[in-house]
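If you read the sequence shown in this note's numbering, its first letter stands for residue 1, the second for the next number, and so on. Even for Gly, the Cβ is constructed at its ideal location relative to N, Cα and C.
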Amino acid sequence: MIVKLGYALSIKTKYLQKRGNIYQFVMRVPTELVTHYGKRSIRHSLKTDELTVAMHKAERFARTYKAEFVALSQGNNLTPRETMNAAARMAERYLTLDSFVDAVAEPKRQAYAGQCWETYEHAPVEEFLTPVEQEALKRLQNPKELRLSRVFTYYEQQHKKANDSRFIERCQRYWNKFVEVVGDIPFSDLKRMHVRTYIDHRLADGMVTGTVRRELRQLRAIAQMCITETEMNRPNPFSSVSIPNEGKDAKDKKVPTDTELMEIASRFLNDPSPTAVIILMQMETGTRVGEISGLKLSDVVLDHEVPHINLQDNEWRTLKNDSSARLVPLVGVALHAAKRAVAAHAGGHEALFPNYAKPRGNDTASAATNKRLKAWAITSHCFRHAMIDRLRNADVTKDARGAIVGHGKSDTEDDYGKGRALRKKQEALQQVAIPVDCLSSSADSQ
Numbered sequence: 001m002i003v004k005l006g007y008a009l010s011i012k013t014k015y016l017q018k019r020g021n022i023y024q025f026v027m028r029v030p031t032e033l034v035t036h037y038g039k040r041s042i043r044h045s046l047k048t049d050e051l052t053v054a055m056h057k058a059e060r061f062a063r064t065y066k067a068e069f070v071a072l073s074q075g076n077n078l079t080p081r082e083t084m085n086a087a088a089r090m091a092e093r094y095l096t097l098d099s100f101v102d103a104v105a106e107p108k109r110q111a112y113a114g115q116c117w118e119t120y121e122h123a124p125v126e127e128f129l130t131p132v133e134q135e136a137l138k139r140l141q142n143p144k145e146l147r148l149s150r151v152f153t154y155y156e157q158q159h160k161k162a163n164d165s166r167f168i169e170r171c172q173r174y175w176n177k178f179v180e181v182v183g184d185i186p187f188s189d190l191k192r193m194h195v196r197t198y199i200d201h202r203l204a205d206g207m208v209t210g211t212v213r214r215e216l217r218q219l220r221a222i223a224q225m226c227i228t229e230t231e232m233n234r235p236n237p238f239s240s241v242s243i244p245n246e247g248k249d250a251k252d253k254k255v256p257t258d259t260e261l262m263e264i265a266s267r268f269l270n271d272p273s274p275t276a277v278i279i280l281m282q283m284e285t286g287t288r289v290g291e292i293s294g295l296k297l298s299d300v301v302l303d304h305e306v307p308h309i310n311l312q313d314n315e316w317r318t319l320k321n322d323s324s325a326r327l328v329p330l331v332g333v334a335l336h337a338a339k340r341a342v343a344a345h346a347g348g349h350e351a352l353f354p355n356y357a358k359p360r361g362n363d364t365a366s367a368a369t370n371k372r373l374k375a376w377a378i379t380s381h382c383f384r385h386a387m388i389d390r391l392r393n394a395d396v397t398k399d400a401r402g403a404i405v406g407h408g409k410s411d412t413e414d415d416y417g418k419g420r421a422l423r424k425k426q427e428a429l430q431q432v433a434i435p436v437d438c439l440s441s442s443a444d445s446q
């Protein structure tokens with residue numbers, strides 16, 4: 001790829017291509033290894049539009065694959081992942097144990113033994129089969145052995161969110177990445193050393209420690225489901241695993257100031273668009289964007305002594321976890337926006353925002369709201385962090401804050417009862433609410 005740096009200066013970069021604005025790593029597979037890899041070139045998204053960053057990442061990928069190419073060509077010093085992947089492809093090629101023995105194992109045994117019958121009878125396979133061939137033989141000898149590639153099936157079938165395609169797809173991506181790194185080994189052979197290999201690989205890829213920790217939590221849950229469902233007596237290798245320098249690479253999230261919140265509220269107060277309504281409702285409820293964009297009309301309860309929204313799973317949107325199902329009072333600009341949305345609803349659809357009542361509709365809503373908030377250099381999720389800070393600064397208890405934003409288990413309803421708990425949450429939110437009256441003149445002038 002040739003990159004122009006100026007009017008008369010350009011450089012030729014190896015292994016880089018652009019797809020849209022994002023750089024891709026592309027490397028040709030040697031002809032003799034095409035069968036091994038199953039493709040003529042290797043491609044990875046470098047997830048950056050910055051040339052210098054892309055060049056560094058590409059060089060790292062190139063060093064890794066060059067070493068693999070050499071090892072594969074020489075038939076030794078393969079990484080565990082490459083050994084497992086190559087063995088899987090070899091087992092698939094021969095399909096049955098008999099085919100593999102006739103085509104590979106038996107000719108190699110005879111060639112190794114020569115005319116010595118005793119060597120032919122007693123030589124261990126390690127002496128005449130390569131590591132890849134040994135692993136392929138194991139697979140064909142025990143085709144029903146539970147390997148990592150089959151572990152996710154238990155999670156997919158048994159998890160309570162099995163019907164949530166977006167959740168399942170995300171979890172499967174995490175697990176597939178893990179299998180790609182450590183190889184499709186038997187689940188019984190999975191050790192903490194494999195988990196540490198994965199951590200090192202992800203950190204080398206440029207992932208921040210917070211992202212790696214989030215992935216490990218999901219991988220631990222997938223492994224635990226398999227252990228439970230198969231009644232396997234073994235520890236979970238993902239439990240209590242440390243990450244080097246965890247948290248030290250975290251970047252401070254921007255939280256909008258009170259002045260910025262007033263500006264945003266004024267800007268969108270009289271805007272009837274669904275995007276503006278979602279922004280105002282998020283601002284005063286501390287909710288996630290999907291929790292608002294996925295509301296049903298019936299989830300907005302205005303004819304109640306405490307106007308509120310009822311956050312619950314529905315056909316087009318599931319909540320993040322059990323604690324996310326909750327009642328959240330509507331106050332200030334959120335109440336104003338909710339009334340406007342209900343009054344403007346055209347009927348004919350049970351969703352409050354029909355355009356977002358579809359699979360991945362929350363992604364569409366997130367993109368739309370974030371675009372409108374770009375001028376303040378924030379995303380709509382920043383309102384959630386801001387609400388937690390606003391409530392904390394108003395001396396609202398941690399348990400009450402958790403009940404409002406859906407963080408962890410809250411004892412509020414157990415302590416007060418559902419009706420009184422809703423009023424308590426309303427009182428807390430009213431302490432930090434942005435009054436609509438003080439915004440009217442500012443909004444009308446825009």
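- Secondary structure of serine 45 (DSSP, three-state): strand.
- Nearest C-alpha to alanine 87 among Leu140, Glu305 and Ile388: Leu140.
- When C-beta atoms of the stretch 291–300 are compared with those of the stretch 346–359, three or more pairs fall below 8 Å, so the two segments count as touching.
- Along the stretch 356–399, the alpha helix (DSSP H) occurs as fully enclosed runs of 4 or more residues at 361–372 and 382–393, listed in sequence order.
- In this structure, the beta-carbon distance from glycine 332 to isoleucine 222 does not fall below 7 Å.
- With contact defined as three or more Cβ pairs closer than 8 Å, the stretch 322–332 and the stretch 266–276 are not in contact.
- In this structure leucine 95 is exposed. Its beta-carbon is surrounded by fewer than 16 other beta-carbon atoms within 10 angstroms.
- For phenylalanine 178, no beta strand (DSSP E) encloses it; the enclosing alpha helix (DSSP H) starts and ends at 165–182.
- At a Cβ-Cβ threshold of 7 Å, valine 289 and alanine 365 count as neighbours.
- Put simply, of Lys57, Arg109, Glu133 and Thr119 the residue whose alpha carbon is nearest the alpha carbon of arginine 93 is Glu133.
- DSSP places phenylalanine 187 in no beta strand (DSSP E); its state is neither H nor E.
- Put simply, the backbone Cα of glutamine 115 is about 38 Å away from that of glycine 183.
- Cα atoms of glutamate 106 and glutamate 118: separation of roughly 15 Å, rounded to the nearest angstrom.
- The bridge partners DSSP lists for alanine 351 are Lys296.
- Looking at the DSSP output, valine 70 bridges to nothing.
- A distance of 7 Å or more separates the beta carbons of valine 405 and alanine 337.
- Contact between asparagine 236 and glutamine 224 is confirmed by a C-beta separation of about 5 Å, below the 8 Å threshold.
- With respect to the 7 Å criterion, leucine 311 and arginine 326 are classified as neighbours on the basis of their beta carbons.
- With 16 or more other Cβ atoms from the protein chains shown falling within 10 Å of its own Cβ, arginine 401 counts as buried.
- Taking C-alpha positions only, alanine 394 is separated from serine 324 by approximately 23 Å.
- Annotation for alanine 351: Gly294, Leu295, Lys296, Leu297, Trp316 and Ala357 place their beta carbon closer than 8 Å to its own, counting only its chain and skipping 5 residues before and after.
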